[in-house]
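This is the structure we're talking about:
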């Protein structure tokens, strides 16, 4: 470590805080813990009273030790650090220190849009449509700056966020709007967080092409932003379902009501912009974020003359308690006092919001586009990040096109052409279900040992027959120190593909059961109740 003035001051700052240091930054305390990194509050002290309060994103040790993850993270983060735009959080530094991999970003005073929507629900309020349009327009400005970013040779970098969600749209107490976490979502696709509920949120904001494993482009981010704006203006979750596959299925093909059909009063221009962003055919969406921004700017013309001031007033009214709490923390940080606690994210209440749910297909058939096959036939490779306790796994699930899972039904409402997917074919009598189902398991690298509920099943690539039933089984795949694990319900033929990684350093409990002999078919699982926590 260098012994320049800044570093010595940082070490003194770290000593006072009792949290250590990262590079030349003293660590004040932890803000949050995620599946890929811990988020820390840090400070840098320099000569003549110079001080900077920052946020440090430190990659978890077991990931920082994986060369493939580190290389991808550094490549993407270098590109993101080059973005200079008021609507994108600023990355100050990207570094490695003693085996630690970290990003240093500007410290922002505010809340995520996710936190704002939770607090509005607590107060029995809804975000005014004009402010939804303003937030969307500002987010589009940041997205466009990133999408247009050239690489070192002046060529388009092709940067796509991949993880636009309410958690990654930040609203400052001053009314500013910023996009978070550019440049790390691609690396994050290699891992998964082991906390319950994480994956539901991620799946709920994917684009259809992301669910289907197709290449992504800037229009994929616009679809995700369309979901965010739909939920902000209606106060309802759009594609969230209780089961992961149902969520993916909903994104790809479930019809949904327009906001006005849910009795939400909003400008026609705003509704049109949201529905265009939500077109499943990406060629029918906005071509660029700049084009979407112009449409949203038109929709906010009837709103406040200075929308950022109106947004600031709303934030300061709703979060007066947290503003005071954070201000006191910063006063203590700048005075060099010990910090006993750091305010966490907006997690103070359990809020439940209704889910829009699936609607029946329109009774009047509409011609399907000729340019692409039906999404029902393309769900054979749904790319997903699957929860596995103590493990990090990427899985591709194969869903049989003629066996979509049951979905929660909302009251039948007419749906717009833009909101509805092409209707399904007329139902036909289904043959009796066989007593067994086929499971194909692939791994990267191949030649890995497969255990199903603790019993050796063979080596990848593997084809095996399982008893058809409604209870999940555990598929564990390992090769040397690398492993992955997935729970599946053997109620249909499936294809599971896993990427083997080093497990997180924590114990894993695995049930060992025998389920290889055929058993009677279990009754189907109950349908979703139509309600979902916004957490």
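In this note's numbering, the protein residues as written are 211 to 745.
In this text, a Cβ means the ideal position worked out from N, Cα and C, and glycines have one as well.
Check: Give the straight-line distance between the Cα atoms of residue 475 and residue 438, rounded to the nearest whole angstrom.; Outcome: 17 Å
Check: Contact between the region 446 to 455 and the region 425 to 435: three or more CB pairs below 8 Å?; Outcome: no
Check: Below 8 Å between beta carbons: does that hold for residue 517 and residue 527?; Outcome: no
Check: Quick one: what's got a C-beta closer than 7 Å to residue 656's C-beta in the same chain, skipping five residues either side?; Outcome: 670 and 671
Check: My output table needs one value for residue 295: the three-state DSSP class, helix, strand or coil.; Outcome: coil
Check: Counting Cβ pairs, one atom from each stretch, are 3 or more of them under 8 Å apart for the region 368 to 379 and the region 316 to 331?; Outcome: yes
Check: Is it true that the region 341 to 348 meets the region 269 to 277, where meeting means three or more beta-carbon pairs spaced less than 8 Å apart?; Outcome: no
Check: Excluding five sequence neighbours on each side, which residues of the same chain lie with their C-beta closer than 7 Å to the C-beta of residue 152?; Outcome: Only positions 211 to 745 of the chain appear in this structure, which leaves residue 152 out of reach.
Check: With burial defined as no fewer than 16 other Cβ atoms inside 10 Å of the residue's Cβ, what is the status of residue 316: buried or exposed?; Outcome: exposed
Check: Measure from the alpha carbon of residue 708 to the alpha carbon of each residue in 253, 488 and 692, then state which is nearest.; Outcome: 692
Check: What is the residue span of the alpha helix (DSSP H) that residue 689 lies within?; Outcome: Taken as a continuous stretch (DSSP letters only), residue 689 belongs to no alpha helix (DSSP H), being part of the beta strand (DSSP E) at 683 to 689.
Check: Quick one: residues in its chain with C-beta nearer than 8 Å to the C-beta of residue 629, no 5 flanking neighbours on either side, listed in chain order?; Outcome: Here the model assigns residue 629 a pLDDT of 46, short of 50, so the residue's position is not dependable and the matter cannot be decided.
Check: Quickly, what does DSSP pair residue 360 with across the bridge? List them, please.; Outcome: 366
Check: If we call anything under 8 Å between Cβ atoms a contact, is residue 298 one with residue 433?; Outcome: no
Check: Cα separation between residue 501 and residue 356?; Outcome: 15 Å
Check: Please determine, among 523, 519, 381 and 483, the residue with the shortest C-alpha to C-alpha distance to residue 505.; Outcome: 483
Check: For residue 698, which residues of its own chain have a beta-carbon under 7 Å away from its beta-carbon, when the five flanking residues on both sides are left out?; Outcome: 682, 683, 685, 704 and 706
Check: Looking only at C-alpha atoms, which of 244, 230 and 252 sits nearest to residue 540?; Outcome: 252
Check: On a Cα-Cα basis, can you pick out the residue from 456, 444 and 263 that is closest to residue 421?; Outcome: 456
Check: Determine the burial state of residue 417: buried for a count of at least 16 other Cβ atoms within 10 Å of its Cβ, exposed for fewer.; Outcome: buried
Check: Can you list, in chain order, the stretches of the beta strand (DSSP E) that have 3 or more residues and sit fully within the region 447 to 477?; Outcome: none
Check: Count the other CB atoms within 10 Å of the CB of residue 279; is the residue buried (16 or more) or exposed (fewer)?; Outcome: buried
Check: Can you tell me the Cβ-Cβ gap for residue 359 and residue 293, rounded? I've got them flagged as a contact below 8 Å.; Outcome: 6 Å
Check: Determine the direct distance from the alpha carbon of residue 496 to that of residue 239, and round the result to whole angstroms.; Outcome: 42 Å
Check: In the DSSP assignment, the alpha helix (DSSP H) including residue 543 goes from what residue to what residue?; Outcome: 530 to 544
Check: Nearest to residue 362 by alpha carbon, out of 385, 654, 288 and 320?; Outcome: 288
Check: Would you call the CB atoms of residue 458 and residue 529 closer than 8 Å?; Outcome: no
Check: Compare the beta carbon distance of residue 514 and residue 522 with 8 Å and say whether it is the shorter of the two.; Outcome: no
Check: Which word fits residue 558, buried or exposed, when buried means at least 16 other C-beta atoms lie within 10 angstroms of its C-beta?; Outcome: The predicted position of residue 558 is uncertain, since its pLDDT is 35 and thus under 50; no value can be drawn from it.
Check: Nearest-angstrom Cα distance between residue 531 and residue 291?; Outcome: 33 Å
Check: With H, G and I counted as helix, E and B as strand and the rest as coil, what does DSSP make of residue 276?; Outcome: coil
Check: Taking the alpha carbon of residue 281 as the point to measure from, which residue in 256, 312 and 490 has its own alpha carbon closest?; Outcome: 312
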